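S.K.: Mind having a look at this structure? Questions to follow.
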Amino acid sequence: MGPTGTPTEIHGGETVALVGGGLGNAVLFSIGEAFRKKGSKVLYFAGYKKQIDRYKVQEIEAAADIVVWCCDEAPGFTPNRPQDRSFVGNIVQAMLAYAKGELGDNAIRMQDVDRIIAIGSDRMMAAVGQARHEALKPYLKPHHYAIGSINSPMQCMLKEICAQCLQPHRDPQTGEVRYVFSCFNQDQPLDLVDFHGLSERLRQNSLQEKLTAQWLAHCMEELRRQRPMV
Ligand code: FES
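Read left to right, the sequence shown gives residues 138 to 367 (our numbering).
What follows is the structure, given as structure tokens:
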């Protein structure tokens, strides 16, 4: 993570499920590539809201033994490779359909997954984290390892200086709450992350993000007006 954080741990000899939402896929495909280079098998759920949102298709394919292309928008994607699958709906529904064998024969079984890495919105990662204990539970190893790339607001990235990246963790057994600085390490166990706390902290940037989006839309419109071909 950044120049001073901790890189994602890459292991060989595992079966890894990557779960990417939207822009999260821009990071996940290099993680998939690294796992495959070490001899792990990669099952990649790549999720998008709209069909137009998908990019780096070849890189994602190269980073995975199997890709399940998920899209909220019908008719969804048409896979390029025989082993890949397509699903219309959200990514948790896609994982469940895959696990049940509803998307066709699976060369990689969900039951063989040792590690889940989720990168996407806070709500998507929370949903994946929860589904592992509910709908997906019968299809997963009881002791699989699951992490999310926690997108806390960051400022200094100098570790324990500004505390913008402060993230509560709640122990599911004891209920004990402790706080970590996400700029040390964004990869955090899904079962520990307090996603409500993360959502509250992310909301502090909401006004700036809306203003920036409006400013960019205005600039693009101006550009189009001055140069109609853009
Ligand atoms: S971003 Fe400043 S302490 Fe982590």
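Glycine included, each C-beta is placed from N, C-alpha and C at the ideal position.
It should be emphasised that the depicted structure is a prediction, and the values quoted were computed from it without experimental measurement.
(1) In this structure, how does DSSP classify P326 when only helix, strand and coil are distinguished?
(2) Just to check, is the beta-carbon of K296 closer than 8 Å to a non-hydrogen atom of the ligand FES?
(3) Would you mind listing the alpha helix (DSSP H) stretches within the stretch 166-253 that are 4+ residues and don't spill past its ends, in chain order?
(4) With distance defined between alpha-carbon atoms, name the residue in I228, K186, E271 and E210 nearest to V106.
(5) Using a 10 Å radius around the Cβ and a threshold of 16 neighbouring Cβ atoms, would you call Y185 buried or exposed?
(6) Kindly indicate the opening and closing residues of the alpha helix (DSSP H) around S343.
(7) Check whether the Cβ of Q301 sits closer than 8 Å to any heavy atom of the ligand FES, and report yes or no.
(8) So does C208 have its beta carbon nearer than 8 Å to some heavy atom of the ligand FES?
(9) Is F172 close to the ligand FES? I mean its beta-carbon at under 8 Å from any heavy atom of the ligand.
(10) Under DSSP, the alpha helix (DSSP H) around R260 begins and ends at which residues?
(11) With a threshold of 16 other CB atoms inside 10 Å of the CB of Q304, please say whether the residue is buried or exposed.
(12) Taking 7 Å as the limit between beta carbons, can you name the residues of its chain near E170, skipping five residues before and five after?
(13) Taking just the CA atoms, how far does H281 sit from D328?
(14) Under 8 Å: does the beta carbon of S258 sit that close to some heavy atom of the ligand FES?
(15) Is S319 close to the ligand NAP? I mean its beta-carbon at under 8 Å from any heavy atom of the ligand.
(16) Q220: beta carbon under 8 Å from a heavy atom of the ligand FES?
(17) For the beta strand (DSSP E) that contains S286, what are its first and last residues?
(18) Leaving out five residues on either side along the sequence, give the residues of the same chain with a beta carbon under 8 Å from the beta carbon of N188.
M.R.: If we stick to the structure as given:
(1) Numbered from 1 along the sequence shown, position 189 holds the residue referred to as residue 326. It is a strand residue.
(2) Numbered from 1 along the sequence shown, position 159 holds the residue referred to as residue 296. Yes, the beta carbon of K296 sits closer than 8 Å to at least one heavy atom of the ligand FES.
(3) Annotation: the stretch 166-253 contains the following complete segments of the alpha helix (DSSP H) (minimum length 4 residues), in chain order: 194-199 and 228-236.
(4) Because the chain spans 138 through 367 in this model, residue 106 falls outside it and cannot be assessed.
(5) Position 48 of the sequence shown, counted from the start, is the residue given in the question as residue 185. Sixteen is the threshold: when 16 or more other Cβ atoms of the shown chains lie within 10 Å of the Cβ of Y185, as they do, the residue is buried.
(6) Position 206 of the sequence shown holds residue 343. Looking at the DSSP string, the run of the alpha helix (DSSP H) that includes S343 is S343 to Q363.
(7) The residue you call residue 301 lines up with position 164 of the sequence shown. Yes, the beta carbon of Q301 sits closer than 8 Å to at least one heavy atom of the ligand FES.
(8) Taking the sequence shown and counting its residues from 1, the one referred to as residue 208 is at position 71. Flag unset: Cβ of C208 not near the ligand FES.
(9) As a first step, residue 172 must be located in the sequence shown, where it is residue number 35. No, Cβ of F172 sits at least 8 Å from all heavy atoms of the ligand FES.
(10) Here residue 260 corresponds to residue number 123 of the sequence shown, with the count starting at 1. Secondary structure note for R260: its alpha helix (DSSP H) is the uninterrupted segment D259 to A268.
(11) The residue labelled residue 304 in the question sits at position 167 within the sequence shown. The residue in question, Q304, is buried, as its Cβ has 16 or more Cβ neighbours within 10 Å.
(12) Along the sequence shown, read from residue 1 onward, the residue named residue 170 stands at position 33. Only A199 and A200 meet the Cβ criterion.
(13) Locating residue 328 in the sequence shown gives position 191, where the first residue counts as 1. Locating residue 281 in the sequence shown gives position 144, where the first residue counts as 1. Their backbone Cα atoms lie some 12 Å apart in a straight line.
(14) By 1-based counting over the sequence shown, the position of residue 258 is 121. No, the beta carbon of S258 sits no closer than 8 Å to any heavy atom of the ligand FES.
(15) In the structure on display, the ligand NAP does not appear, and the ligands it does have are the ligand FES.
(16) Residue numbering aside, residue 220 sits at position 83 when the sequence shown is read from its first letter. For the ligand FES, not one heavy atom lies less than 8 Å from the Cβ of Q220.
(17) Counted from its first residue, the sequence shown places residue 286 at position 149. Its beta strand (DSSP E) spans residues Y282 to S286.
(18) Counting from one through the sequence shown, the residue named residue 188 turns up at place 51. According to the sequence displayed, residue 188 carries Gln and not Asn. Contacts found: C208, E210, G213 and F214.
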